[in-house]
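Quick note: the sequence shown uses UniProt numbering, first residue 1, plus one each step. For each residue, glycine too, the CB sits at the ideal point set by N, CA and C. Being a predicted model, the structure only gives us computed values, none of them experimental. Following: one structure in structure tokens, then a few remarks.
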Amino acid sequence: MELDDALDVIYQCDHIEILPPHLIPENSSPEKCIYEDGVLGIPQKLMQKKFASIRSLYTRLAGESHHKLSDTECKQLYKLTTLCLIVTTENVLALNSRRRVTPASLLYKDLLFLNVLFRSPLQKHTKSPMLWNHRRWLITQLHSVEEYQKHLTTGDFGKLSTVSSHDWLNCEFLIVLKAGMLHPRNYYSWAHARWIVQEYKSSLDLNCLAEWLFVDVCSRNVSDISMWSFMEFVLDTIDNRQLSTGYVGRALALTDLAPGHETMWTFIGNMTGKLKDKSLIDSIEEVSTIPRQGAWPSKVLQKLQVQILPN
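Rendered as structure tokens:
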């Protein structure tokens with residue numbers, strides 16, 4: 001498949017991979033892209049060569065007012081920015097150019113493109129503040145759920161039916177999770193999840209979201225501080241003392257299976273400090289006597305005793 005054709009089908013992909021020379025199959029040409037089972041493979045040298053060849057045309061078109069560009073040139077510029085954003089992440093010119101030349105009826109295609117980038121094992125894309133900010137801009141432009149749902153794909157996300165009845169909200173959390181799995185401690189992806197909660201809180205079942213986060217996200221990634229921080233944020237948003245106390249208790253029980261993780265103990269300490277619950281402090285003190293738990297329970301306990309029990 002030619003690279004130009006690959007840039008057209010990229011919106012249908014599950015993810016893309018950049019192929020260094022030693023990973024190109026023997027029966028494939030280094031001048032061709034590979035599309036198989038929803039995965040688009042782009043030879044690294046081909047991509048770099050193409051990027052170098054289009055820079056002057058791209059710079060000229062991007063520098064023009066979109067009112068002066070013909071329909072053909074607008075489509076050409078849009079396609080060029082697709083390649084630019086695969087090669088470079090923090091590209092303000094490319095993102096602004098897409099915003100200028102994309103009709104409102106096709107904005108959902110940009111969400112499709114970002115879905116692919118955030119699902120792909122690329123070096124920087126899942127942690128790009130500009131790309132996540134562009135996603136938020138797109139969402140705010142697509143005012144109706146029906147318009148947004150055009151971007152949903154059949155990628156291997158599984159189902160998140162417990163979080164919300166709206167598929168597009170489910171999709172956002174699943175994309176955030178995928179990006180967080182590709183790059184652990186991904187601040188920017190989970191910051192996007194915070195934004196979703198803040199903007200669309202009334203459409204979410206936050207109790208179900210908290211349960212999904214604890215069972216399917218945090219419990220399976222006990223050393224990821226970004227995931228635990230988002231869990232803490234959701235509980236703070238719910239603001240239910242009994243519910244929060246229950247999750248801290250479950251986190252304490254989880255330390256028996258996964259002892260000594262600073263991130264989990266940070267969550268336990270932060271939540272207990274907010275709740276000021278003596279029974280939780282007693283539980284932490286009990287756990288701190290277990291040698292295999294390491295020093296973190298004692299550190300958390302010492303901090304809590306200073307904060308909550310000064311006398």
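Supposed contact pair residue j and residue i - C-beta distance, whole angstroms, cut 8 Å
| i | j | result |
| --- | --- | --- |
| residue 46 | residue 31 | 6 Å |
| residue 286 | residue 301 | So it is not a contact: roughly 10 Å between Cβ atoms. |
| residue 219 | residue 254 | 6 Å |
| residue 169 | residue 139 | At roughly 10 Å, the Cβ-Cβ gap does not stay under 8 Å, so residue 169 and residue 139 are not in contact. |
| residue 135 | residue 192 | 7 Å |
Assigned exposure category for residue i - 16 Cβ within 10 Å defines buried
| i | result |
| --- | --- |
| residue 129 | exposed |
| residue 8 | exposed |
| residue 67 | exposed |
| residue 278 | exposed |
| residue 290 | exposed |
| residue 232 | buried |
| residue 71 | exposed |
| residue 178 | buried |
| residue 270 | buried |
| residue 43 | buried |
| residue 137 | exposed |
| residue 124 | exposed |
| residue 172 | buried |
Helix, strand or coil at residue i according to DSSP, with G and I counted as helix
| i | result |
| --- | --- |
| residue 222 | coil |
| residue 16 | strand |
| residue 24 | coil |
| residue 31 | coil |
| residue 204 | coil |
| residue 41 | strand |
| residue 36 | strand |
| residue 170 | helix |
| residue 276 | coil |
| residue 257 | coil |
| residue 4 | helix |
| residue 179 | helix |
| residue 241 | helix |
| residue 281 | helix |
| residue 288 | coil |
| residue 294 | coil |
| residue 186 | coil |
CB of residue i within 7 Å of CB of residue j, strictly
| i | j | result |
| --- | --- | --- |
| residue 272 | residue 248 | yes |
| residue 185 | residue 226 | yes |
| residue 94 | residue 81 | yes |
| residue 262 | residue 228 | no |
| residue 265 | residue 230 | no |
| residue 175 | residue 113 | no |
| residue 222 | residue 258 | yes |
| residue 62 | residue 97 | yes |
| residue 182 | residue 121 | yes |
| residue 40 | residue 13 | yes |
| residue 238 | residue 251 | no |
| residue 327 | residue 107 | In this structure the chain extends from 1 to 311, so residue 327 is not present and cannot be described. |
| residue 109 | residue 11 | yes |
| residue 33 | residue 77 | no |
| residue 92 | residue 15 | no |
| residue 276 | residue 308 | yes |
Any non-hydrogen atom of the ligand FMN closer than 6 Å to residue i Cβ
| i | result |
| --- | --- |
| residue 217 | Of the ligands one can find in the structure shown there are none, so the ligand FMN has no counterpart to examine. |
Enumerate, from N- to C-terminal direction, the unbroken alpha helix (DSSP H) stretches of 4 or more residues contained entirely within the segment 60–145.
-> 71–87, 92–101, 107–119, 129–141
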